[in-house]
Structures are given as structure tokens and as C-alpha cells.
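What follows is a single structure, written as C-alpha cells, with notes after it.
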Amino acid sequence: LAIAIVGGVMILLDTHWGFVALVAVAFGLPFASLPFSVGFKPTFLDVALGALFFVWLLKLVTGREREFVTSPMGLLVAIFMLLALFSFVYGMTHSRATSFTVRRFAEILLGIALFFVVINTVRTQGELEWVSRWVLLASWVCAFIAVIFYVIPEAWTVWTLDRLARFDYPGGYGALRWIEDDPSGTMRAIGTAVDPNVLGGMMILAAGALAPQLVTPRPLFPRLVVLLMFGTAALALYWTYSRSALFGMAAALALPAMLKYRRLIPFAIVGGLLLFLLPQTQDYVARLLAGLAGEDLATQMRFGEYKDALILIQRYPLFGVGFTGVPDIDLYLGVSMLYLIMAENMGLIGLAVFLVSMAAFFVVLLRGWRRGYAPEREDLVLGYGGAVLGALVSGLADHYWFNMTYPHMTVLFWLYLGLAMAVAMLEERSASHACRN
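Start counting the sequence shown at -4; every next residue gets the next number (our numbering).
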């Protein structure tokens, strides 16, 4: 209680402490709920998001924040949010919304709206670096917990998760995850993310943002510390045995490697050789190749989901079926692909707005790159931009970035996207100021 009170006071005094609380919860205890009810049981994520938005809006109302900026893609993000709200309301015409569904949808909307909070409150180089250090640190703690949970005896991991059960975390041996759900097979890392694929997505963000810190002349942490942090994130991602996360991390590293940091290429080559040559990784490689060939059970089940999702989208192409349920008994919501589940929920119009938003995001970043970023901002824009690209690539085979079961993943996605846009806007303001002088 004392920690919560001190944290609340710090957030009220400075909005940036709200980001610290938010990333601590999103990376550390994303599913934890308060041990009491107020008609419903608020999650730690609800409290962190609510506090951050409350303080920011209070500053806007009282005039302490004198300007509201939207960014070049702000209108697209706002339209995407309005379409999501429209689809949610439309979905209630055929499927009743529960209080739980309404709350989870509100978390998704707030997660997207976090983009505007970030670009309005992270506006100087000092603020950018301060927030970034906490983001990177929180992502590393998440990776460290996952690695520790994986290497200690299973009974110890279960004991720890059982202690979290009072905060509504799943406990017992049923909380552990294995490949193909076979307890006699290989265990998958989960950390406190509950799901190994979700942990893999979190590690895409962690590794993507950390990678440029390995080679930039001006890292946010000492170089050896960065190497430890990146290695921990890469190991945690590997132990999730998530193939989509592996491809996502490759994409996240490819962006900075191609545009600026060629010294990342040897890291990628060494990692690839270790993956394909070490005896301990051969089962992983075999599973990876089986997935690419569509031969394993998990991939075949995904193909079935894709087929069913396309049937739903064909029947309800414009605005989807919403978020509360389906109108036809032979349909269901849920598919392991970000883009198909978005089309199920919001239709092809909603998906199109999202894709145009992402295209606008990368256009802004790449135009800025052609003009040139200040050296102290190059690693940050490429790290966050690469992390977003990695998330979008992993979305080809996973759905957690836009899923009401995992609202913290939506929060993290738009946080990283917002930080990348904050870098681009800071560079533009600096260039404009230099021209005036």
C-alpha cells in the first residue's frame, strides 16, 4: 500500500512516472488484478493506464499542457479508434456485451490512445532518453524473469506462480506450457506473460529496441550491460519456441542493420549459425522447418482458422462483426493472425485504415531518415521503428497485438510506436528551430 501511495504521488507530480508504472505492469505483471472488487476487479494495468491518462488530461484541462499535438498520422489513428468503437457498438446489436467485455474493449481503446499521450508528453531529448531507459529496463526484467522461470526446477516456478494466484494469475502445473501441449516434451518459456507466444512478442519489442544500443556510439546503458540485456531477451525469445517471434525479431534487427548499423549483421550471422548448427537447437530447427512447410499440427490448425476467418469476412466485409460475438451459429471469433482478426472485428475498412496508418508511420520515419536524424536520436528511432516492424511481421501468424485477452500487448505496441513517432517529431522541431535561427 505504501508503495502504491508513493507511486501515485510521483505520477501526479510528473506524468513521466506514469510511463514507469505502465511499463512495469505491462512487462512485469500484465494479468495481475487488485485483491478486492469495486463492482469488478481492476487490474494493475487498469490502474496504471487510468492514472497516466488522468494526470495527462488534468494537465490539459488546467492549462499546464498548453498544446495538443497529433502528429502526421494522428488523424488516421483517431479514425481507427472511431471505427473500433463503431464496430463494438454494432456488434452489440447481435451479441450482448458483458461488463468484462466492455472493460477489456476500453483497455484496448486506451492502449491505442496511448499514442497521443506519448507524443504529447515526450517532447525533449532528455524526456525521450529518460523514458526509454525505463522502457528498456522493464523489458529486460521481463526477459530475466522468463529465463529464471525456465532454468529453475518446475516446482519452484509453480510455487512462484501460486503466490501470484491471489492476484488472479493462473497457478499450478497447468500454468506451464509445452510444445504441442505435451508435458513429456519440451517446455516453453512463459515468465509472467502466461502465454509463450505473448512472451515472444514482448521479446520482439525488447530485442528490437535494444539492438541499436549494442553498436551506437552513445548507448543509454554501459555497453556490457546492453549486451547482457539483449542476450537475455534473445534467450527468452528462443525458449518460447515461438516461430513467429523469431521471424519478428529478425525483422526488428533488419531495419537498423540495413539503414545504419551494419555491425549488427555479425550478431545476426552468429545467432543464425548457433541456431542451425548447435546440437541442442536441432529440435527447434526441425519444428521451424516443419512449420514453414505446413507439416506440423499447430500450423495446420492455423490454416483451418484462416479458412474460417475468411468465411466470416466474406459475410461481413465492411465493418466486421464487432468484439462481443458472432451473429451466425456456424461462425466464431478468433484467428491466429493480427490482420484477419482485425478484419473479423472491424471489417476490411478497419483493416485498411490500420494498414494505411502503419504505412504512414514508416513513411514519416523514412522521410526523416533521408533528411537525417541527430546522432543521439538515430539509435532510438531505428530501435523503436524496428520493434514495430517486428511486431507487424509476427502478426502474420499471431493475434495478441489486437486481442481483448491481451490488452497489455496493444498498450506496448502503441507505446513503442508512439515513442518512435516522438523521435521523428522531435527531430522535425529541432530542424525547424535551426532553420529559424
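Note that the Cβ used here is the ideal one computed from N, Cα and C, for glycine as well.
{"Asked": "Label residue 251 either buried or exposed according to how many other C-beta atoms from any shown protein chain fall within 10 Å of its C-beta, with 16 as the threshold for buried.", "Found": "buried"}
{"Asked": "Give every residue of the same chain whose Cβ lies closer than 7 Å to the Cβ of residue 214, excluding the five residues on either side of it in the sequence, and list them in chain order.", "Found": "208, 221"}
{"Asked": "Can you tell me which residues form a DSSP beta bridge with residue 173?", "Found": "182"}
{"Asked": "Helix or strand or just coil, what does DSSP make of residue 38?", "Found": "strand"}
{"Asked": "How would you call residue 186, buried or exposed, if buried means at least 16 neighbouring beta carbons within 10 angstroms?", "Found": "buried"}
{"Asked": "With a threshold of 16 other CB atoms inside 10 Å of the CB of residue 401, please say whether the residue is buried or exposed.", "Found": "buried"}
{"Asked": "Just to check my reading of the structure: residue 189 and residue 167 have Cβ atoms closer than 8 Å, yes? What is that Cβ distance to the nearest angstrom?", "Found": "Actually they are not in contact, since the Cβ atoms of residue 189 and residue 167 sit about 13 Å apart, beyond 8 Å."}
{"Asked": "What's the C-alpha gap between residue 51 and residue 197?", "Found": "26 Å"}
{"Asked": "Using the DSSP secondary-structure output, state which residues sit across from residue 28 in a beta bridge.", "Found": "38"}
{"Asked": "Here's the rule: buried if 16 or more other CB atoms are within 10 angstroms of the residue's CB, otherwise exposed. What is residue 342?", "Found": "buried"}
{"Asked": "With distance defined between alpha-carbon atoms, name the residue in 121, 326, 356 nearest to residue 412.", "Found": "356"}
{"Asked": "Is it right to say residue 89 is buried, meaning 16 or more other beta carbons lie within 10 angstroms of its own, or is it exposed?", "Found": "exposed"}
{"Asked": "Among 234, 57, 35, which residue has its Cα nearest to the Cα of residue 95?", "Found": "35"}
{"Asked": "For residue 159, collect the residues of the same chain with a Cβ closer than 8 Å to its Cβ; drop the 5 residues on either side in sequence, then sort them by chain order.", "Found": "24, 27, 166, 187"}
{"Asked": "What's the call for residue -4, buried or exposed, on a 16-neighbour Cβ count within 10 Å?", "Found": "Below a pLDDT of 50, predicted positions are generally treated as unreliable, and residue -4, at 46, falls in that range; no measurement from the model is reported."}
{"Asked": "What are the boundary residues of the alpha helix (DSSP H) that residue 112 is part of?", "Found": "94 to 116"}
{"Asked": "Express the C-alpha separation of residue 265 and residue 273 in angstroms, rounding to a whole number.", "Found": "11 Å"}
{"Asked": "Compute the distance between the beta-carbons of residue 231 and residue 382, then report whether it is under 8 Å.", "Found": "no"}
{"Asked": "Could you give the residue range of the alpha helix (DSSP H) that holds residue 370?", "Found": "370 to 389"}
{"Asked": "Mapping DSSP to helix, strand and coil, what is residue 216?", "Found": "coil"}
{"Asked": "Nearest-angstrom Cα distance between residue 80 and residue 179?", "Found": "44 Å"}
{"Asked": "Do you know how far the Cα of residue 183 is from the Cα of residue 236?", "Found": "6 Å"}
{"Asked": "Just to confirm the assignment, what range does the alpha helix (DSSP H) spanning residue 398 have?", "Found": "No alpha helix (DSSP H) holds residue 398; DSSP gives it neither H nor E."}
{"Asked": "Using 8 Å as the cut-off, can you tell me whether the stretch 326 to 345 makes contact with the stretch 42 to 58, which would need three or more C-beta pairs spanning the two stretches below that distance?", "Found": "no"}
{"Asked": "Classify residue 253 as buried or exposed, calling it buried when 16 or more other Cβ atoms lie within 10 Å of its own Cβ.", "Found": "exposed"}
{"Asked": "What three-state label does DSSP hand residue 89 in the structure shown?", "Found": "coil"}
{"Asked": "Closest to residue 414 by CA distance: which of 173, 75, 200 is it?", "Found": "200"}
{"Asked": "Answer with buried or exposed for residue 289, where buried requires no fewer than 16 other C-beta atoms within 10 angstroms of its C-beta.", "Found": "exposed"}
{"Asked": "Confirm, please, whether the CB-CB distance from residue 135 to residue 211 is below 8 Å.", "Found": "no"}
{"Asked": "In or out: residue 193 buried (at least 16 other Cβ within 10 Å) or exposed?", "Found": "buried"}
{"Asked": "So residue 205 and residue 131 are in contact, right, with Cβ under 8 Å, and what is the actual spacing, rounded?", "Found": "6 Å"}
{"Asked": "Could you say if the stretch 71 to 86 and the stretch 286 to 305 meet the contact criterion of at least three C-beta pairs nearer than 8 Å?", "Found": "no"}
{"Asked": "If you follow the alpha helix (DSSP H) that residue 363 is part of, which residue opens it and which one closes it?", "Found": "333 to 366"}
{"Asked": "At which residues does the alpha helix (DSSP H) containing residue 198 begin and terminate?", "Found": "191 to 205"}
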